[in-house]
Amino acid sequence: MRNLSLILWVLLLMDGVFGVDKVKQVSVSVMKGDSVTLHTDVTELQSDKIEWMSEDNVIIAQIANNKISIDDVSEGRLELDHQTGSLTIRNITENRIYNLDIGGRIQISKRFNVTVHDVVESVSVVEGDTVTLHTGVTKIQADDQILWKFGDQDTLINGLNGPVDVIWSNIDQNNQTGDITIRNIRNDQDKHYKVEIITSSMVLHRKFHIKFSDEMKTVSVKKEDSIILRTGVIDIREYYQILWKFEDERMAEITKGTNKFSLYNSANGRFSGRLHPDHQTGSLTISDSQTTDSGDYHLNMISSSHTIQRTISVTVKGLSSAVIAVIALCVALVVVVAVAVGVAICHMQHVKRSRGVV
Ligand SMILES: *[C@@H]1O[C@H](CO)[C@@H](O)[C@H](O)[C@H]1NC(C)=O
Ligand SMILES: *[C@@H]1O[C@H](CO)[C@@H](O)[C@H](O)[C@H]1NC(C)=O
Ligand SMILES: *[C@@H]1O[C@H](CO)[C@@H](O)[C@H](O)[C@H]1NC(C)=O
């Protein structure tokens with residue numbers, strides 16, 4: 002019985018490896034105009050025959066008898082690597098399927114589904130924020146390649162750690178996800194980032210554009226006035242979590258799932274009845290401010306493409322507007338009385354002078 006199940010298991014495994022219908026699928030998602038290389042995963046071709054075909058199995062590029070031939074229709078956009086048989090496509094403009102067949106000593110069939118998109122992820126930050134750009138990968142495998150580039154020259158970020166690159170010393174890469182985090186981001190750093198992720202089953206290109214806005218990082222109000230903490234975002238729908246904290250204490254959170262603000266208990270005591278979230282922008286207003294509201298407020302916004310962390314320093318000044326209003330009223334009264342007295346004196350002198358003339 003035990004042997005039988007073992008044999009069945011081995012048969013299943015063999016079917017998985019050698020099955021004719023098991024064509025390996027690779028999904029390739031790139032930006033319009035990109036170049037991408039479709040890898041055969043062969044390190045060195047020998048007498049193998051390689052055929053790259055379109056969806057309807059028309060040959061577009063091949064290596065046969067050590068000779069490369071490429072279809073004319075591709076207008077110089079295709080290039081075949083002599084050693085590996087990998088196909089490079091330049092200036093990709095449309096969705097296409099590429100079928101690969103390697104015959105001879107090594108037998109491989111692969112199907113690459115290339116889709117083109119042109120969405121650049123827009124990231125709106127304030128100078129000094131900490132920004133994380135996501136790859137979308139949850140755990141990097143040993144053979145995965147993640148390349149981060151920036152600027153027009155496509156400078157590689159990976160390995161930027163020499164003294165020459167001190168300007169980039171505020172960038173760290175997460176070794177689990179491949180995400181990069183830019184701490185305390187500066188306006189003079191590049192605004193265009195690009196990531197290329199290559200795994201055995203997928204190729205993904207993503208682009209990011211960082212925009213700087215001039216939302217306040219320090220807020221100063223008079224006691225009893227409202228404190229307005231802004232996200233700088235017009236519409237928070239792309240964020241699946243927005244969290245506001247006062248020092249280490251959670252105040253308010255909006256989660257996409259529930260689509261409503263939850264106010265935390267600790268915040269309920271300190272800020273009882275004074276927190277007013279804006280459901281469209283995620284901004285938070287604290288009404289009737291107290292001097293004890295002074296301190297650091299932390300914002301954490303997470304979307305599928307990026308995370309923004311910001312600290313806003315708030316100072317609430319001792320004298321409230323009401324007290325200032327009373328003082329202003331007293332001053333105004335004194336002025337009015339003084340003016341009235343002055344006018345009266347002038348008038349009397351004028352009357353006296355008029356009488357003198359008459
Ligand atoms: C890329 O392809 C498009 C459409 O065929 C063409 O208009 C454009 O000039 C090409 N760009 C480059 C850099 O070759
Ligand atoms: C290719 O991938 C896209 C996006 O994942 C999918 O919508 C499409 O159906 C796939 N095409 C084929 C022929 O498998
Ligand atoms: C990954 O990063 C963590 C924290 O930054 C570090 O402790 C760990 O040693 C790193 N692992 C590898 C394999 O580099």
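Mapping of the sequence shown onto the numbering used here: position 229 corresponds to residue 230, and the numbering continues sequentially without gaps. All residues carry an ideal CB built from backbone N, CA and C; glycine is no exception.
Requested in this report: State the start and end residues of the unbroken beta strand (DSSP E) segment that holds residue 133.
Outcome: 131-134
Requested in this report: Tell me whether residue 235 is buried or exposed, calling it buried when 16 or more other Cβ atoms sit within 10 Å of its Cβ.
Outcome: exposed
Query raised in the report: Does the beta-carbon distance from residue 240 to residue 302 come in below 7 Å?
Result: yes
Query raised in the report: Taking contact to mean at least 3 C-beta pairs separated by less than 8 Å, is the region 103-117 in contact with the region 221-228?
Result: no
Query - Cutoff 7 Å: residue 37 Cβ touching any chain D Cβ - result: Of the protein chains in the structure, only one exists, and it is not chain D.
Query raised in the report: Where does residue 164 land, buried or exposed, given buried means 16+ other C-beta within 10 angstroms?
Result: Caution is warranted here: a pLDDT of 44 is assigned to residue 164, below 50, making its placement in the model unreliable, and the coordinate value is therefore given only provisionally. The residue is exposed, with fewer than 16 neighbouring Cβ atoms inside 10 Å.
Query raised in the report: How would you write the range of the beta strand (DSSP E) that residue 255 sits in, first residue to last?
Result: 250-256
Query raised in the report: Does DSSP classify residue 354 as helix, strand or coil?
Result: helix
Report task. Please classify residue 162: is it buried, with 16 or more other beta-carbons within 10 angstroms of its beta-carbon, or exposed? Result -> At residue 162 the pLDDT is 48, less than 50, meaning the model places this residue with poor confidence; the figure from the coordinates comes in the next sentence. So residue 162 ends up on the exposed side.
Report task. Going by CA-CA distance only, name the one from 171, 190, 189 and 197 that's closest to residue 179. Result -> 197
**Report entry** Any beta strand (DSSP E) of 3 or more consecutive residues that is wholly inside the region 263-350
**Finding:** 276-278, 285-287, 296-304 and 307-321
Query raised in the report: Are three or more beta carbon pairs between the region 87-104 and the region 35-48 nearer than 8 Å?
Result: yes
Requested in this report: Using the DSSP secondary-structure output, state which residues sit across from residue 362 in a beta bridge.
Outcome: No statement about residue 362 is possible, as the shown extent of the chain runs from 2 to 359 and does not include it.
Query raised in the report: If you measure from the CB of residue 308, is any heavy atom of ligand 1 nearer than 6 Å?
Result: no
Query - residue 98 versus residue 79: straight-line alpha-carbon distance, rounded - result: 14 Å
Requested in this report: Return the residue from the list 101, 200 and 74 that minimises the CA-CA distance to residue 49.
Outcome: 101
Requested in this report: For residue 89, verify whether its CB is less than 6 Å away from any heavy atom of ligand 1.
Outcome: no
**Report entry** Neighbour-count burial assignment, residue 349, 16 or more Cβ in a 10 Å radius
**Finding:** exposed
Query raised in the report: Who are the Cβ neighbours of residue 231 in its own chain at under 6 Å, not counting the five residues just before and after it?
Result: 216 and 284
Query raised in the report: Closest to residue 123 by CA distance: which of 309, 44, 341 and 330 is it?
Result: 309
**Report entry** Helix, strand or coil at residue 226 according to DSSP, with G and I counted as helix
**Finding:** coil
Query raised in the report: Relative to the C-alpha of residue 146, which residue among 136, 154 and 153 is closest?
Result: 136
Query raised in the report: Considering only the beta carbon of each residue, do residue 130 and residue 186 sit closer than 7 Å?
Result: yes
Query - Close-in-space but distant-in-sequence residues of the same chain around residue 360 (CB under 7 Å, 5 per side omitted) - result: Beyond the ends of the chain as shown, which are 2 and 359, falls residue 360; an answer cannot be given.
Requested in this report: Under 8 Å by Cβ, that's how I've got residue 244 and residue 238 pegged, so tell me the actual separation to the nearest angstrom.
Outcome: No, residue 244 and residue 238 are not in contact; Cβ-Cβ is about 16 Å, not under 8 Å.
Query - Helix, strand or coil at residue 239 [DSSP, three-state] - result: helix
Query raised in the report: Is the Cβ-Cβ distance between residue 125 and residue 214 less than 7 Å?
Result: yes
Query raised in the report: If you draw a straight line from the C-alpha of residue 25 to the C-alpha of residue 111, how long is it?
Result: 5 Å
Query raised in the report: Can you tell me the Cα-Cα spacing of residue 134 and residue 306, whole angstroms?
Result: 6 Å
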